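Enquirer: Take this structure, written in structure tokens, and hold onto it; I'll ask about it next.
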């Protein structure tokens with residue numbers, strides 16, 4: 018083996034526990050990583066990319082076991098190495114940056130203490146480690162590098178935490194860093210800063226890295242080579258540019274194709290709006306979140322409400338549904354002002370406006386079977402019972418493309434993420450509403466699944482003449498599905514209009530920033546963008 | 164834990180002696196003067212663990228209501244009259260007493276006795292001590308003793324008590340433990356004071372926990388109070404009491420769980436004192452209420468109880484079978500030849516049929532407050548009665564409030580009597596029509612008639628006949644079931660010496676163990 | 104020393120027994136349940152086995168017991184022999200028969216009490232969490248105040264006021280326990296109430312009763328079941344403590360708590376008698392908790408190896 | 004800090020409300036008890052006249068609301084009054100017993116808290132090991148026996164052989180060592196009673212966190228298992244642990260009447276039971292208030308400590 022090679026994984030097999038049985042998660046994957054090289058690992062959820070990344074550290078999560086193959090890190094066999102030997106390696110020579118820095122920083126300790134833990138365990142003096150931390154914080158372009166370490170994780174924003182975590186990983190100048198979706202949870206504008214910081218520091222330290230993500234455009238900016246995984250199997254591997262230019266495997270091509278879904282454009286809206294949000298100002302307690310928000314939703318059309326976290330887009334939904342009565346302004350539905358509090362609304366008013374949530378996991382009662390989840394609105398609003406109800410539930414399941422006989426008595430926990438989201442849609446449909454509010458319904462899903470959901474929503478809209486209010490931070494989704502766009506920032510509407518208008522300059526400055534931050538499938542995009550700014 | 168106060172009594176002989184004193188007006192020496200034994204040793208700390216004593220115990224003599232208060236009182240106070248180990252009335256602070264007509268009672272107060280504080284015991288102190296229990300606003304448990312008293316006055320070294328009607332028993336009443344002699348100020352005693360003229364001086368007292376006392380160096384009885392110190396501890400839990408005795412933390416305990424007496428004996432670490440007396444356990448039935456208003460029902464129940472088994476299992480053998488007779492073998496006119504009621508289910512059924520019943524179902528209300536083991540006794544009764552077709556439904560009542568809410572309130576319950584040495588006293592307080600403690604609300608014309616006749620009958624044989632007829636009536640027509648006479652059972656460390664004669668009058672040598680016993 | 108050897112032997116014997124029991128379950132049960140049974144730890148198998156035995160004993164008490172519950176069949180404290188397998192008690196009743204009937208009474212009363220406490224406490228707790236606002240405050244403050252009163256003394260007070268029949272005993276202990284259940288149900292439900300599916304149900308216009316029954320209760324069940332197990336066992340202890348203070352189950356009903364109390368003095372002389380009812384309580388407690396631990400572990404979805 | 008101060012003030016206010024409700028409940032319950040102080044003091048020898056006289060002397064002839072109001076105004080002015088049964092100032096009656104109760108509670112806690120924390124942490128560290136199972140089953144067995152039973156067993160084992168006294172005789176004059184020696188058995192009994200609960204909670208709280216991403220992060224940083232438990236899991240598990248410790252401390256102060264009886268230990272519990280039996284309502288109320296205050300204060304302390312140990316609650320952004 019050439020000394021150039023840092024990590025060598027051969028025919029790796031990992032199994033996960035399912036009751037007494039062990040099911041394969043990684044099915045014989047090979048991986049070679051040279052010093053200083055960045056490998057992008059792409060795959061959808063369940064592809065095994067995190068498991069593979071952790072295996073590179075000789076680590077298997079509880080309930081998993083490495084059952085075959087070999088892992089060789091710089092001449093050390095990680096499969097036979099003792100726990101102690103592996104512990105000495107981790108943090109010192111192989112570091113890990115987790116997906117959610119907010120969850121992966123211990124809430125009980127200050128950043129600097131968590132930073133210093135590994136270097137001090139490795140024998141460095143605490144003051145030296147703290148000094149280095151400041152240097153690294155500065156390098157990661159964290160604000161207040163001298164002081165930020167003395168804050169607790171909850172006092173630091175998500176993007177900054179992600180950078181602090183990268184700094185922490187760098188503390189011992191490891192040979193290898195595993196980045197596990199480090200920017201997935203971030204807003205697009207924040208993502209750019211983190212990506213840039215990570216890219217720079219990895220280059221400066223000449224650290225090898227495995228960069229795990231599901232976002233092709235992101236990995237294109239970061240990786241030298243890309244490896245694509247599908248359900249624990251390797252699909253293909255190539256240099257980044259080669260891969261982008263000419264994907265070989267069918268699966269890879271389908272990944273590329275996801276971004277191509279768009280809806281035919283519709284003529285501008287005419288006639289009376291279905292919903293009219295008029296001068297709404299709202300907030301909780303002393304905090305005012307919405308400032309004089311107004312927009313219309315027309316029947317049969319999709320209004321995308323776009324903005325980053327904290328822009329107030331979900332609060333608008335709460336005002337429309339009546340969960341948060343506005344301080345000023347009103348919501349007019351089909352010409353009638355809606356009572357501000359949902360408890361004062363009639364059952365029919367409630368029926369007409371349904372909601373689909375971002376996290377299907379928390380939006381579906383895990384203890385109820387699909388029959389009841391979907392059937393309840395039909396039973397309640399439409400008075401269906403017995404066979405009629407059963408038939409309706411089956412219709413709805415068919416409508417969302419789930420085989421009724423197979424699924425009707427399942428629990429949500431027995432479904433995949435995309436299927437759960439479909440149940441959310443079916444539940445909304447069961448009420449036979451006129452407006453469906455979709456709150457970030459695709460943001461937790463893989464891209465292929467996203468596309469399926471979007472297509473389904475599109476079909477249903479055409480079939481039933483539904484109006485959608487689509488809350489999202491993802492501009493590619495907007496591009497795909499919206500008829501009208503409302504851009505929000507800090508509780509105000511910055512800009513609104515039909516989609517074609519919105520995607521053609523000139524823009525309001527914020528819209529511009531938002532649009533330009535969406536990663537593109539071009540390895541030079543980030544470099545260009547940073548240069549341009 | 165309530166003791167029923169005042170239901171025990173002095174013995175018949177004690178009363179007779181007192182009565183003799185009426186005529187002789189002589190001085191009667193305390194028993195110990197005569198019953199000289201091997202010279203007792205001086206010294207040591209005598210630690211008593213009692214199954215009584217509450218943190219709410221007060222100091223007021225009128226409200227002493229449990230064994231702890233009684234023993235503690237006997238340790239620090241003297242009374243006018245003592246009941247000696249033989250059960251005779253003996254002079255204490257009253258050197259002697261006389262009554263020419265039973266209406267005026269003259270008590271001569273002993274001179275040269277002083278309180279622990281150093282103050283001499285005067286006639287005024289005695290009067291104030293008695294007056295504490297007397298009067299409309301008195302709150303004493305023995306207030307009724309003084310209801311017939313019209314006047315208490317001083318006459319030199321004598322206290323003269325005038326009654327509204329003759330009462331030959333009055334001296335006997337004055338031996339009651341509530342009547343501690345205490346120092347007075349302006350004619351009143353301070354009920355919160357622990358100062359007395361008794362054998363020991365209080366060092367410290369925490370109600371419900373412990374009292375420590377040291378020997379009164381100036382105690383006027385030179386041959387009593389042999390311990391240097393006395394400690395009285397309240398140990399309510401019977402296992403804790405046993406453990407304390409077995410591990411040598413106390414020298415005397417009372418109320419031993421009968422179930423463990425045998426095992427304690429086998430261990431050979433303690434002496435067990437079992438003192439037979441007239442105390443008895445009873446199940447009174449409200450004779451006014453159905454079905455107990457039918458004597459056949461009462462008889463059925465009397466034959467449905469297994470008395471021997473009760474003595475064996477509830478008393479651990481430390482007692483004797485009783486034939487529903489409140490008069491015990493120690494009584495002078497005890498009717499020993501009555502037909503004994505043995506456990507006889509057929510006979511019980513017969514009486515049931517006589518009452519026109521095939522079966523009977525009654526509630527029996529019990530609590531261990533009635534007597535220790537009452538709940539078990541009830542269970543045993545219910546079990547044996549079932550063989551006679553009688554269903555006794557046991558209702559366990561809270562100990563708390565038992566005497567208020569159950570006794571003389573519920574038609575069938577458990578209770579106890581300390582026994583009376585004098586037949587007349589027993590019958591008058593417990594069985595005469597309308598008597599305040601007639602807890603079966605029983606009324607029998609012939610019985611009442613005999614009771615009055617017997618009082619004034621001089622002929623001993625006729626008297627005996629009358630009392631025996633009354634016992635016969637109570638036993639076979641009365642409305643109480645008296646299955647057994649219970650002994651006073653206590654256990655001492657092996658180095659504790661008791662006089663040959665231990666009083667059966669009250670528990671713990673008539674509360675006087677502290678001044679009568681010593682260490683070997 | 105004998106007791107220790109006995110204990111070790113009993114534990115040693117229970118391991119293969121539980122193992123065999125689990126294997127038996129896997130065979131007997133339908134496929135889905137058998138899968139669950141196969142995965143359960145040995146301790147849980149042991150727990151289920153013990154609980155099963157208790158339930159059988161409780162139901163079949165009259166068939167199993169050699170003598171009637173209350174019958175006085177011999178003299179006091181007879182030693183173990185072929186007639187009285189575990190000897191007799193202080194009144195000469197057969198110890199084994201009373202133990203067997205005790206299972207019925209003790210388990211029955213404890214179950215009724217706990218169930219009542221849970222119905223009341225859990226419903227109020229969930230309702231308070233759901234409604235929030237002044238109702239929640241009022242209920243919670245009141246429950247706080249009740250919990251600030253020592254439970255044993257409070258039970259004592261209530262029992263003295265209302266009498267000591269089995270029914271009042273159940274009601275009183277249930278009332279005192281319900282405050283504890285309320286607290287747990289409320290805090291668990293507060294975690295559930297913020298979930299999106301509750302919001303969705305509210306927006307649908309569902310009433311409180313539907314929300315409690317269909318949306319919250321099923322999701323709050325796991326911790327409540329765990330608490331049920333613990334509370335269930337504590338009821339025995341409460342009853343025996345009350346017996347200690349003179350207010351337990353009405354004699355001559357056989358109940359383990361009171362049996363321990365009645366014979367407790369014998370421990371002073373190293374007599375084993377009170378150990379049996381106490382052991383019966385302890386064994387059931389341990390068994391119930393083993394099962395509860397396993398259920399909680401399953402519900403939490405926490406992946407522990409082994 | 005300001006937020007914590009506000010919380011303390013607010014909770015103290017609620018605590019006073021709690022105490023008020025407790026006093027009303029206790030007063031009401033004591034009123035409902037059959038019989039009253041006068042009749043229970045006189046016991047079986049009560050005659051209607053003496054009971055009436057006693058009642059009048061004690062003011063029991065006043066209507067209940069008037070008596071409650073009199074009592075309340077006294078307490079608000081810091082005067083617990085005198086015991087009606089013993090005519091002694093209640094504060095005198097309670098002071099020593101309160102001291103004893105607190106001493107025993109602290110003694111037991113001093114053994115039980117470190118013991119249960121160590122056992123709980125070890126059980127979490129070696130979860131599902133033999134140690135874990137034995138500790139768990141042992142702890143469960145210990146709480147499965149009635150308290151008095153545990154006490155008798157300990158007496159049988161440790162007192163009859165003369166190692167420790169079976170009965171606690173304690174006096175203020177005793178030195179600390181003697182005090183610790185004579186109260187060892189009750190303290191041990193209570194330790195056995197409360198340890199299981201705290202240990203299981205410690206274990207569960209830690210294990211609950213072991214699935215957190217930051218624990219995985221710590222493992223991926225190469226931190227040793229012990230350090231993970233102690234430094235990464237424990238600080239975040241403190242809130243539930245502190246709460247269960249507070250709950251058990253409250254129990255040690257308020258719920259140990261049975262242990263007091265068995266070891267003849269002069270504590271508040273026994274005084275309260277006696278006073279209930281005697282219907283000495285002023286004493287019952289005073290002790291109930293002390294118990295309730297202990298409960299409220301311990302809960303408050305637990306909440307404050309939980310807040311202090313949680314940076315998210317302590318330091319806002």
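Protein chains in written order, with our numbering: chain A, 18 to 550; chain B, 164 to 683; chain C, 104 to 409; chain D, 4 to 320. Using N, Cα and C, we set each Cβ at its ideal position, and we do this for glycine too. Quantities reported herein were computed from a predicted structural model and do not represent experimental measurements.
1. Which value, in whole angstroms, describes the spacing of the CA atoms of residue 188 of chain A and residue 80 of chain A?
2. List, in chain order, every chain D residue whose beta-carbon is nearer than 7 Å to that of residue 374 of chain A.
3. Residues of chain B with CB closer than 8 Å to the CB of residue 269 of chain D, please, in chain order.
4. Quick one: which chain A residues come within Cβ less than 9 Å of residue 311 of chain C?
5. Would you list, in chain order, the members of the region 90-119 of chain D that have their beta-carbon closer than 9 Å to a beta-carbon of chain B?
6. Anything in chain B within Cβ reach of residue 37 of chain D, meaning under 7 Å, just list it in chain order.
7. Please classify residue 650 of chain B: does DSSP put it in a helix, a strand, or coil?
8. Under 8 Å, Cβ to Cβ, is there at least one residue of chain D near residue 24 of chain A?
9. Below 8 Å on the Cβ atoms is my guess for residue 526 of chain B versus residue 571 of chain B; work out the distance and round it to an integer in Å.
10. Quick one: list the residues of chain B neighbouring residue 428 of chain C, beta-carbon separation under 7 Å, in chain order.
11. Taking 6 Å as the limit between beta carbons, can you name the residues of its chain near residue 292 of chain B, skipping five residues before and five after?
12. Buried or exposed for residue 666 of chain B, going by 16 or more other Cβ atoms inside 10 Å?
13. Assign residue 204 of chain B to one of three DSSP states: helix, strand, or coil.
14. Give the interface partners of residue 486 of chain A over in chain C, defined as CB-CB distance under 8 Å, in chain order.
15. Are the C-beta of residue 622 of chain B and some C-beta of chain C separated by less than 8 Å?
16. Can you name the residues of chain A whose CB is closer than 9 Å to the CB of residue 239 of chain D?
17. Sort B:204, B:202, B:237 and B:210 by Cα distance to residue 670 of chain B and report the nearest one.
18. Taking the runs of the beta strand (DSSP E) that are 3 residues or longer, which of them lie wholly in the region 629-681 of chain B?
19. Out of B:202, B:259, B:280 and B:213, which one is the CA nearest neighbour of residue 240 of chain B?
20. What do you get for residue 545 of chain A, buried or exposed, if any count of 16 or more other CB atoms within 10 angstroms of its CB means buried?
21. Expressed to the nearest angstrom, what Euclidean distance is found between the alpha-carbon atoms of residue 240 of chain A and residue 32 of chain A?
22. For residue 37 of chain D, which option in C:238, C:263, C:277 and C:192 has the closest C-alpha, if you only look at C-alpha atoms?
23. Please give me, in chain order, every unbroken run of the alpha helix (DSSP H) with length at least 4 that falls completely inside the region 279-355 of chain B.
24. Just checking my contact of residue 286 of chain D with residue 274 of chain D at CB under 8 Å: how many whole Å lie between their CB atoms?
25. Under DSSP, the alpha helix (DSSP H) around residue 166 of chain D begins and ends at which residues?
26. Give the residues of chain A in contact with residue 226 of chain D, contact being defined as C-beta atoms less than 9 Å apart.
27. Give me, in chain order, the residues of the same chain whose beta-carbon lies closer than 8 Å to that of residue 297 of chain A; leave out the 5 immediate sequence neighbours on both sides.
28. Output the distance between the C-alpha atoms of residue 350 of chain A and residue 389 of chain A, rounded to the nearest integer angstrom.
Expert: Let me spell this out:
1. Looking up residue 188 of chain A in the first chain gives position 171. Looking up residue 80 of chain A in the first chain gives position 63. If I take the Cα positions, the gap works out to 30 Å.
2. To locate residue 374 of chain A, count along the first chain from 1; it is residue 357. Neighbours of residue 374 of chain A on chain D: none; closest Cβ ~23 Å, over 7 Å.
3. Locating residue 269 of chain D in the fourth chain gives position 266, where the first residue counts as 1. Ordered by position in chain B, the residues that pass the 8 Å Cβ test against residue 269 of chain D are 218, 369, 371 and 372.
4. Taking the third chain and counting its residues from 1, one reaches residue 311 of chain C at position 208. Under the 9 Å cutoff, chain A gives no residues; its nearest Cβ is about 12 Å from residue 311 of chain C.
5. 90, 91, 96, 99 and 100
6. Taking the first residue of the fourth chain as position 1, residue 37 of chain D is located at position 34. Residues of chain B with a Cβ closer than 7 Å to the Cβ of residue 37 of chain D are, in chain order, 564, 567 and 568.
7. Here the question's residue 650 of chain B lines up with position 487 in the second chain. Note: residue 650 of chain B maps to coil in three-state DSSP.
8. By one-based count along the first chain, residue 24 of chain A stands at place 7. No, no contact with chain D.
9. Here residue 526 of chain B corresponds to residue number 363 of the second chain, with the count starting at 1. Here residue 571 of chain B corresponds to residue number 408 of the second chain, with the count starting at 1. Not really, about 15 Å apart at Cβ, beyond 8 Å.
10. Look at the range of chain C in this structure, 104 to 409, and you will see that residue 428 of chain C is not part of it.
11. Within the second chain, the letter at position 129 stands for residue 292 of chain B. The answer, listed in chain order, is 344, 345 and 352.
12. For the purposes of this step, residue 666 of chain B is identified with residue 503 of the second chain, where counting begins at 1. Label assigned to residue 666 of chain B: buried.
13. For the purposes of this step, residue 204 of chain B is taken as residue 41 along the second chain, with counting starting at 1. Correct three-state label for residue 204 of chain B: coil.
14. Numbered from its first residue, the first chain carries residue 486 of chain A at position 469. None at all; the shortest Cβ gap to chain C is about 14 Å.
15. Your numbering for residue 622 of chain B matches position 459 in the second chain. Closer than 8 Å: no.
16. As a position in the fourth chain, residue 239 of chain D is number 236, starting the count at 1. Think of a sphere of 9 Å around the beta carbon of residue 239 of chain D: the chain A residues whose beta carbon falls inside it are 123, 124 and 125, in chain order.
17. Here residue 670 of chain B corresponds to residue number 507 of the second chain, with the count starting at 1. Nearest of B:204, B:202, B:237 and B:210 to residue 670 of chain B, Cα basis: B:237.
18. Correct list: 643-649 and 651-656.
19. Within the second chain, numbered from 1, the residue matching residue 240 of chain B stands at position 77. Here the closest residue by C-alpha is B:280.
20. Taking the first residue of the first chain as 1, we reach residue 545 of chain A at position 528. When all chains shown are included, residue 545 of chain A counts as exposed.
21. Position 223 of the first chain, counted from the first residue, corresponds to residue 240 of chain A. Position 15 of the first chain, counted from the first residue, corresponds to residue 32 of chain A. So the two alpha carbons sit approximately 28 Å from each other.
22. Taking the fourth chain and counting its residues from 1, the one referred to as residue 37 of chain D is at position 34. The shortest Cα separation from residue 37 of chain D among C:238, C:263, C:277 and C:192 belongs to C:263.
23. 286-294 and 333-336
24. As a working mapping, residue 286 of chain D is identified with position 283 in the fourth chain. As a working mapping, residue 274 of chain D is identified with position 271 in the fourth chain. Between residue 274 of chain D and residue 286 of chain D the Cβ distance is about 7 Å, and since that is below 8 Å, they are a contact.
25. The residue you call residue 166 of chain D lines up with position 163 of the fourth chain. No alpha helix (DSSP H) contains residue 166 of chain D, which DSSP labels as neither H nor E.
26. The sequence position of residue 226 of chain D within the fourth chain is 223, counting from 1. The contacting residues are 104, 107, 108, 134, 135 and 138.
27. Counting from one through the first chain, the residue named residue 297 of chain A turns up at place 280. Correct list, in chain order: 307, 309, 310, 311, 333, 336, 343, 345, 346, 347 and 348.
28. Within the first chain, numbered from 1, the residue matching residue 350 of chain A stands at position 333. Within the first chain, numbered from 1, the residue matching residue 389 of chain A stands at position 372. Cα to Cα, residue 350 of chain A sits roughly 29 Å from residue 389 of chain A.
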